[in-house]
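Asker: Each residue of the sequence shown is one higher than the one before, starting from 286 at the first, in this note's numbering.
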Amino acid sequence: MAKMYETVIGLEVHVELATKTKIFCSCSTEFGGAPNTHTCPVCTGMPGSLPVLNKKVVEYAMAIGLATNCDITRVCKFDRKNYFYPDNPQNYQISQLYLPIASKGYVEIEVGGRKKKVRIHEMHMEEDAGKLIHDEWDDTSLVDYNRSGVPLVEIVSEPDMRSAEEVIAYLEKLRMIIQYLGASDCKLQEGSMRADVNLSVREAGTEEFGTRTEMKNLNSFKAIARAIEGERERQIELLEEGKAVVQETRRWDDNKESSYAMRSKEDAQDYRYFPEPDLVPIVISDEWIEQIRKKQPELRTEKLKRYQKEFDIPQYDAEIITASKHMADIFEAATRICGKPKKVSNWLMVETLRLLKDHNMEPEDITFSPENLAKLVELTESKAINSSVAKEVFEKIFSEDVDPEVYVEEHGLKMVNDEGALEEVLKKVIADNPQAAEDYRGGKEKALGALVGQTMKAMKGKADPGLVNRKLREMINE
Numbered sequence: 286m287a288k289m290y291e292t293v294i295g296l297e298v299h300v301e302l303a304t305k306t307k308i309f310c311s312c313s314t315e316f317g318g319a320p321n322t323h324t325c326p327v328c329t330g331m332p333g334s335l336p337v338l339n340k341k342v343v344e345y346a347m348a349i350g351l352a353t354n355c356d357i358t359r360v361c362k363f364d365r366k367n368y369f370y371p372d373n374p375q376n377y378q379i380s381q382l383y384l385p386i387a388s389k390g391y392v393e394i395e396v397g398g399r400k401k402k403v404r405i406h407e408m409h410m411e412e413d414a415g416k417l418i419h420d421e422w423d424d425t426s427l428v429d430y431n432r433s434g435v436p437l438v439e440i441v442s443e444p445d446m447r448s449a450e451e452v453i454a455y456l457e458k459l460r461m462i463i464q465y466l467g468a469s470d471c472k473l474q475e476g477s478m479r480a481d482v483n484l485s486v487r488e489a490g491t492e493e494f495g496t497r498t499e500m501k502n503l504n505s506f507k508a509i510a511r512a513i514e515g516e517r518e519r520q521i522e523l524l525e526e527g528k529a530v531v532q533e534t535r536r537w538d539d540n541k542e543s544s545y546a547m548r549s550k551e552d553a554q555d556y557r558y559f560p561e562p563d564l565v566p567i568v569i570s571d572e573w574i575e576q577i578r579k580k581q582p583e584l585r586t587e588k589l590k591r592y593q594k595e596f597d598i599p600q601y602d603a604e605i606i607t608a609s610k611h612m613a614d615i616f617e618a619a620t621r622i623c624g625k626p627k628k629v630s631n632w633l634m635v636e637t638l639r640l641l642k643d644h645n646m647e648p649e650d651i652t653f654s655p656e657n658l659a660k661l662v663e664l665t666e667s668k669a670i671n672s673s674v675a676k677e678v679f680e681k682i683f684s685e686d687v688d689p690e691v692y693v694e695e696h697g698l699k700m701v702n703d704e705g706a707l708e709e710v711l712k713k714v715i716a717d718n719p720q721a722a723e724d725y726r727g728g729k730e731k732a733l734g735a736l737v738g739q740t741m742k743a744m745k746g747k748a749d750p751g752l753v754n755r756k757l758r759e760m761i762n763e
């Protein structure tokens, strides 16, 4: 009988915090600057330069800790993690080993209708390293220190996850909490959220953990799911062949859908941690924690409950809209302006999601303003434009955030509500299509559709289809 195996997974998640400046200096944290332009003596590790802690980093870290049910460490401090690597300019990283800012938390996930708590072992603050860029043409490596000193929190989970689905649910929950707090944009493609996966397999029913490997270089949820499946299969194959799994760090290649060993962890690296001599301990008072707690925004769970009561939109709509803080903000702001929650929700649920999918975008990438969405709702509700024109206008709003009132006016898209002008067009359409009119009189309902289409074409799409329909019936039956 074939052996059954259980996968055991723990995650180390690095999140870049949304501060305007770095953790120990006043350089910009903005993504995408020209190489080595957001740097100074502190973040490039020049001798004699001294770090000064950015208070906002501590406040973001506390906010994330509170939102993930962690205990906040009242006196925490920084440590030096010593290692040599070209993208690490000081040859050490300022991190927290002995007294991290938060610990013993959890987030609740739901997979396949079952709820589960994933425990958080600890969360610490640290500085990011620079970035190596490998030039394959010249066979050289270049280093960009713009990212060096960007503030991070590292969230270390317990090995509580058992499948790729649970891992993705945990990461999505974590990302949503952090985005709602405004502590990070958590864009995996820009590296502002990164996850390392620690994975081992063991025979089902056994208590002892197997030998784990750590996988790096995972920059999308899909890549993480594929890496977990790939590594699980690789380890099971080794065990089935009677071979041992080696404890090592592996790099996932998403194009080849396979991983390869980067470095062995059998002789676990000694980072020679010691207390950071240039930074004093951080003393966190109960008052400070209370201050942060009071500032915590409404998170998704509370928002969902409120939407049901306040806006009377379907549960499904509310779940999709609140899954993105940015989309929820647009929904609420547009609803405040036009007072029509269901109509705003419809535009977000149908056209917005369709266009996001077509352009391979995330809800966070939406650039249109709530004001312009609200104006479009009002234009359609007042019958100033019909639904097909509204869709055309919305595509412009989505791509260029145009003012719909101005756009409709400039392009002559207002609905023609002049019944006299409409009747003239209808007479001509009926006269030009006698067979269709005859078929309709004979009980063929479909024939009316052809006449409506001809009328809309003649009116350049600027007639109310409902009115065209009603008028056609009246005039044919006369």
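In this text, a Cβ means the ideal position worked out from N, Cα and C, and glycines have one as well.
Considering only the beta carbon of each residue, do aspartate 538 and asparagine 502 sit closer than 9 Å?
Answerer: Cβ atoms of aspartate 538 and asparagine 502: closer than 9 Å.
Asker: Determine which residues share a DSSP beta bridge with histidine 409 and list them.
Answerer: Glu439, per the DSSP bridge assignment.
Asker: Spatial neighbours of valine 298 within its chain, please: C-beta separation below 6 Å, excluding the five flanking residues on both sides.
Answerer: So the list reads Ile440 and Ala480, once near-sequence residues are dropped.
Asker: Scan the segment 429-500 and note each continuous alpha helix (DSSP H) run of 4 residues or more that stays entirely inside, going in chain order.
Answerer: Taking only runs of at least 4 residues, the alpha helix (DSSP H) segments lying wholly in the segment 429-500 are 449-466.
Asker: Go to arginine 585, then tell me how far its alpha helix (DSSP H) extends in each direction, as first and last residue.
Answerer: Arginine 585 -> alpha helix (DSSP H) spans 585-596.
Asker: Among Cys355, Glu763 and Phe363, which one has its Cα closest to the Cα of proline 562?
Answerer: Looking at the Cα atoms, Phe363 is the closest of the given residues.
Asker: With H, G and I counted as helix, E and B as strand and the rest as coil, what does DSSP make of cysteine 623?
Answerer: Residue state, collapsed to three classes: helix.
Asker: Straight-line CA distance for proline 436 to methionine 744?
Answerer: Rounded to the nearest angstrom, the two C-alpha atoms are 59 Å apart.
Asker: With DSSP as the reference, please indicate the residues paired to isoleucine 357 in a beta bridge.
Answerer: The partner list for isoleucine 357 (beta bridge, DSSP) reads Ala387.
Asker: Considering only their Cβ atoms, is the gap separating isoleucine 569 from cysteine 312 smaller than 9 Å?
Answerer: Cβ distance not < 9 Å, so cysteine 312 and isoleucine 569 don't count as in contact.
Asker: Taking only the alpha-carbon atoms, compute the straight-line gap between lysine 528 and serine 334 and give it to the nearest angstrom.
Answerer: Answer to the nearest angstrom: the Cα atoms are 50 Å apart.
Asker: Do the segment 413-420 and the segment 451-470 touch if we need at least three Cβ pairs shorter than 8 Å?
Answerer: Touching, no.
Asker: Please list the terminal residues of the continuous alpha helix (DSSP H) segment that includes serine 673.
Answerer: Taken as a continuous stretch (DSSP letters only), the alpha helix (DSSP H) holding serine 673 covers 672-685.
Asker: Between the Cα of serine 672 and those of Leu589, Met741 and Glu395, spot the shortest distance and give me the residue it belongs to.
Answerer: Out of Leu589, Met741 and Glu395, Met741 has the C-alpha closest to the C-alpha of serine 672.
Asker: What are the boundary residues of the beta strand (DSSP E) that includes leucine 417?
Answerer: First-last of the beta strand (DSSP E) with leucine 417: 416-420.
Asker: In the DSSP output, what is glycine 727 paired with across the bridge?
Answerer: DSSP lists no partner for glycine 727.
Asker: Determine the DSSP secondary structure at proline 336, reduced to helix, strand or coil.
Answerer: Coil.
Asker: Kindly identify the DSSP beta-bridge partner or partners of threonine 306.
Answerer: Answer is Ser313.
Asker: Determine contact between the segment 366-379 and the segment 576-585, defined as no fewer than three beta-carbon pairs at a distance below 8 Å.
Answerer: Verdict: no, contact absent.
Asker: If contacts are defined as beta-carbon pairs under 8 Å, then isoleucine 463 and isoleucine 349 qualify, I think. What distance do you get, rounded to the angstrom?
Answerer: Going by Cβ atoms, the distance from isoleucine 463 to isoleucine 349 rounds to 6 Å, so yes, they are a contact pair.
Asker: Determine, using beta carbons only, whether aspartate 602 and serine 630 come nearer to each other than 9 Å.
Answerer: Cβ atoms of aspartate 602 and serine 630: closer than 9 Å.
Asker: DSSP beta-bridge partners for tyrosine 292?
Answerer: One point to set straight first is that residue 292 is threonine, not tyrosine, in the sequence displayed. DSSP lists Val486 as partners of threonine 292.
Asker: Excluding the 5 residues preceding and the 5 following alanine 508 in the sequence, name in chain order all residues of the same chain whose CB lies nearer than 7 Å to its CB.
Answerer: The residues are Trp537 and Asp539.
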